[in-house]
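Protein sequences appear in the order of chains A and B.
Following the working numbering, the numbering of the first sequence begins with -15 at its first residue and continues without gaps.
Following the working numbering, the numbering of the second sequence begins with 2 at its first residue and continues without gaps.
Even for Gly, the Cβ is constructed at its ideal location relative to N, Cα and C.
Note that the coordinates shown come from a computational prediction; the quantities given were computed from them, not determined experimentally.
To start, the structure under review is shown below, and the notes come after it.
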Amino acid sequence: MSSTIITDDQFQHIAKLSRLEIKPEESYIKDQLAQAAKYVDVLKELDTDKVSPTFQVNHKKNVFRDDIITPSFTQSQAISQAPKTKDGYIVTAATIKK
Amino acid sequence: MSDLNKLTIKEAREGLLSKKFSSKELVVDCLSQIKKNASNLNTFVTVCEKESIKSAETADISKPLGGIPVAVKDNFLTLGIRTTASSKLLDKYIAQYDATVVAKLKSAGAIIIGKTNMDAWAHGSSTETSDFGPTKNPWDITRLPGGSSGGSAAAIAADEAIISVGSETAGSIRQPASWSGVVGFKPTYGRVSRYGIIAMKSSTDSPGPICKTVDDAAEVLGIISGHDPFDATSIDEVSWIKPSPLTSLKGIKLGLPLSYFSPQTKPEVKTTILAAAETLKKLGAEIIELSDVLDPKYSIAVYTILQRSEVSSNLARFDGIRYGHDRSYFSEEAKRRIMLGTYSLSAGYYDAYYLKAQKVRTLICQDFDKHFTRVDAMISPISPTTALPVGATKGQSMFGEIQDQLVEPSSIAGLAGISIPCGFDNNGLPIGLNIMAPQLREDIVYQIAKIFEDNTEYHLQRPNL
């Protein structure tokens, strides 16, 4: 947690990973990220070398259920909220060039 | 009869069952109150006027919540009703199914009167970051109600519904309940299903009731709790059953964590909480000062990292393909949180941020475990301050984290807790008492809260609207 300076390149990279477009007038977010990253440095005060992480507080692990088909959405219900549909399918942006 | 909107569950049910009034009259009074306050308070994103009246006409009042109007936070999916999480990205989204909590409320006979305002995506502690404008505090409309379940808390404070539900990730039930002078019951993580609630920080998201009295909150918790196969973190318990109230707290040890009274704590908040401790002592409890409870400042950092990380993952699904608009509709707060989360999870930073925070979470859990061998429950302020003015969040990228520092540790550890009214500051703004107990000890939380409420009158005071 030593680095609390976020470079422009890093900032753009994070935006890309987040799939967000950051407008020029929102560039102050970069400084806020650095501030937050600096704030959390307080955790360095605590020795956690021999401590295991807790990802889940009620200690559930691998919850299985039988694979039984139960009533679910119809096709029209499933696509009812999609902004673009065609012939009962959801339209997405093309990912492969023709 | 008029002012039926002011009733508690018990009073409303007595009136309905003895036919003093109908469910429709109850609903109409709530709707009138919502309309009267709409421009001042902005508590609801969507009011279900026609649907609620129609449901009231056929309500089965023999059910536990038969014919009772409930205000539902707008991050709970409600079949056929717009569900936005107070974000413009979802401003046209009509939910295709009911959240488990909503299904349970409906099957108990409750009537959804509307969807309450919140911080967009539940990102905040003010209800000021809603894309549909801030909710105002019914006790002083120049102030905020707290958040993120601020619409639900303000709706109850303003008598716009008989009961409400909200969700807490780190304070989002208890803090608005505190600032709005109502009761907010945060159950153990996993006690109430998260299924159908727009995910925020999944590893601590805990839905729960916000109501006028401790008994009402306990009643609602009993109905919405229980194992749900649709939520893998749901605990294998049947619905929670409210225990018998106590007539004395003799034999009960209550811890007072001194680290929860930081220098930022408003003096009136401190004196009010110490006075509440004195009341509990008179009721028989032994008050034990705890001088070595882990400083809540670490929880601010843990919560900040983990919340952002989980948000960056949870909000990745909003791609504008299956529902909602595209990602350009995220407002500033969401963008900031997604980006910090992406940063803390990205290559080279995971160990330093995310993993470190999860390890400190272990220390927080262990610290509670250690102290709960000495005391049955802990009491503290909910918030270091009372309701802050509208505009207080502007330019404050960590407003929520700092405001919620006294409820973050117990949320991070998945504990049971409640906020109950315990006094007022010099401006007449409500102050909430935080009662925290180990996981699955809602029974003792209820019993302490109930005896306090029975012996005080803070919960009976209502704002002048």
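{"Item": "Do you know how far the Cα of residue 113 of chain B is from the Cα of residue 433 of chain B?", "Value": "27 Å"}
{"Item": "From the DSSP secondary-structure annotation, give me the bridge partner or partners of residue 92 of chain B.", "Value": "BP columns for residue 92 of chain B are empty, so no partner."}
{"Item": "Could you tell me whether the Cβ atoms of residue 443 of chain B and residue 414 of chain B are closer together than 9 Å?", "Value": "no"}
{"Item": "Using a Cβ cut-off of 7 Å, which residues of the segment 223 to 245 of chain B contact any Cβ in chain A, in chain order?", "Value": "230, 233, 234 and 236"}
{"Item": "Classify residue 218 of chain B: buried if its beta carbon has 16 or more other beta carbons within 10 angstroms, exposed otherwise.", "Value": "buried"}
{"Item": "Pull up the DSSP beta-bridge partners for residue 198 of chain B, would you.", "Value": "B:77"}
{"Item": "Mapping DSSP to helix, strand and coil, what is residue 268 of chain B?", "Value": "helix"}
{"Item": "Assuming residue 102 of chain B contacts residue 268 of chain B (C-beta within less than 8 Å), just tell me the rounded distance between them.", "Value": "Not really, about 38 Å apart at Cβ, beyond 8 Å."}
{"Item": "Where does the unbroken beta strand (DSSP E) through residue 343 of chain B begin, and where does it stop?", "Value": "From DSSP, residue 343 of chain B is part of no beta strand (DSSP E) but of the alpha helix (DSSP H) over 333 to 346."}
{"Item": "Beta-carbon separation of residue 24 of chain B and residue 60 of chain B under 9 Å?", "Value": "yes"}
{"Item": "Hey, residue 215 of chain B and residue 450 of chain B: beta-carbon distance below 9 Å or not?", "Value": "yes"}
{"Item": "By the DSSP assignment, the beta strand (DSSP E) with residue 458 of chain B in it spans what residues?", "Value": "No beta strand (DSSP E) contains residue 458 of chain B, which DSSP labels as neither H nor E."}
{"Item": "Would you tell me roughly how many angstroms separate the C-alpha atoms of residue 202 of chain B and residue 359 of chain B, rounded to the nearest one?", "Value": "13 Å"}
{"Item": "Distance cutoff 9 Å, beta carbons only. Does residue 20 of chain A sit that close to anything in chain E?", "Value": "Judged by its chain identifiers, the structure shown contains no chain E, and its protein chains are A and B."}
{"Item": "Following the continuous alpha helix (DSSP H) through residue 177 of chain B, name the residue where it begins and the one where it ends.", "Value": "175 to 181"}
{"Item": "Along the segment 39 to 57 of chain A, what residues have a CB closer than 8 Å to any CB found in chain B?", "Value": "39, 40, 41, 42, 44, 47, 49 and 57"}
{"Item": "Between the segment 104 to 123 of chain B and the segment 341 to 352 of chain B, are three or more C-beta pairs nearer than 8 Å?", "Value": "no"}
{"Item": "So who's on the other strand from residue 47 of chain B, going by DSSP bridges?", "Value": "B:116"}
{"Item": "When we look at the beta-carbon of residue 456 of chain B and count the other beta-carbons within 10 Å, is it buried (16 or more) or exposed?", "Value": "exposed"}
{"Item": "By Cβ distance, which residues of its chain are closer than 6 Å to residue 177 of chain B, with the 5 residues on each side in sequence left out?", "Value": "146, 147, 148, 150, 151 and 154"}
{"Item": "Closer than 9 Å, CB to CB, is residue -11 of chain A near chain B or not?", "Value": "no"}
{"Item": "Please tell me whether residue 59 of chain A has its Cβ less than 9 Å away from any Cβ of chain B.", "Value": "no"}
{"Item": "What residue range is occupied by the uninterrupted beta strand (DSSP E) comprising residue 210 of chain B?", "Value": "207 to 212"}
{"Item": "Thinking residue 163 of chain B and residue 69 of chain B are a contact (beta carbons under 8 Å), I'd like their distance in whole angstroms, please.", "Value": "5 Å"}
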